[in-house]
Amino acid sequence: MKTLKSLDQNGNILYISSLSKIIASDLRIGWIIGPNSVIERLSDAKQQVDFGHGSHSQWIANNFIESSEFESHIQHLVKQLDRRSKQIDTSLQTFLNTLHIKLFTNNKAFLGDITVEIAEEELENRNIAELHLPKSDIYKITLHPIK
């Protein structure tokens, strides 16, 4: 599968992410990848409103990323996400085994939607309106009746 950036002919694609989910939720450090002209303008705007984020958190993040523990931390996260993905798949197949379920995954995280088609009577019989897996809002699955 091609990346969005490889399809970008006009410099419209920006990649934005942070360390919040892979290191610590309170670590408010992120990055952006895009055309230099856009990055320069965003950098200028950030400097105007930024009253000096502490360099302490940047120092901590840098030391962790450069440490030997960072790679094993990432590998642990990938294993956890894979385990959660398999748990979701198993649960859906176990509890909604008569439904057509499509999971889009790259074994690290869900890439798309979980589509569930179910007859309206089936929803009523099962008394289900939506599924929600604890500890994450990204695993919310809404069941829509077939019309």
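FYI, the UniProt record's numbering numbers position 29 of the sequence shown as 29, with every residue one higher than the one before it.
Backbone N, C-alpha and C define an ideal beta-carbon position, used for all residues, glycine too.
Measuring alpha carbon to alpha carbon, tell me which residue in Lys5, Arg84, Ile74 is nearest Ala24. Comparing Cα-Cα distances from Ala24 to each of Lys5, Arg84, Ile74, the minimum goes to Ile74.
Limits of the unbroken beta strand (DSSP E) element including Ile32: Its beta strand (DSSP E) spans residues 30 to 33.
Would you call the region 57 to 67 and the region 16 to 31 touching, i.e. three or more CB-CB distances under 8 Å? They touch, by the three-pair rule.
Check for me: the alpha helix (DSSP H) holding Ile65 runs from which residue to which? It spans 55 to 66 - the alpha helix (DSSP H) in which Ile65 sits, taken as one unbroken run.
With three or more beta-carbon pairs closer than 8 Å as the criterion, would you say the region 38 to 50 touches the region 15 to 24? The region 38 to 50, when compared against the region 15 to 24, does not touch it at the 8 Å Cβ threshold.
Is the distance from the Cβ of Ile33 to the Cβ of Leu14 below 9 Å? Going by beta carbons, Ile33 and Leu14 fall inside the 9 Å limit.
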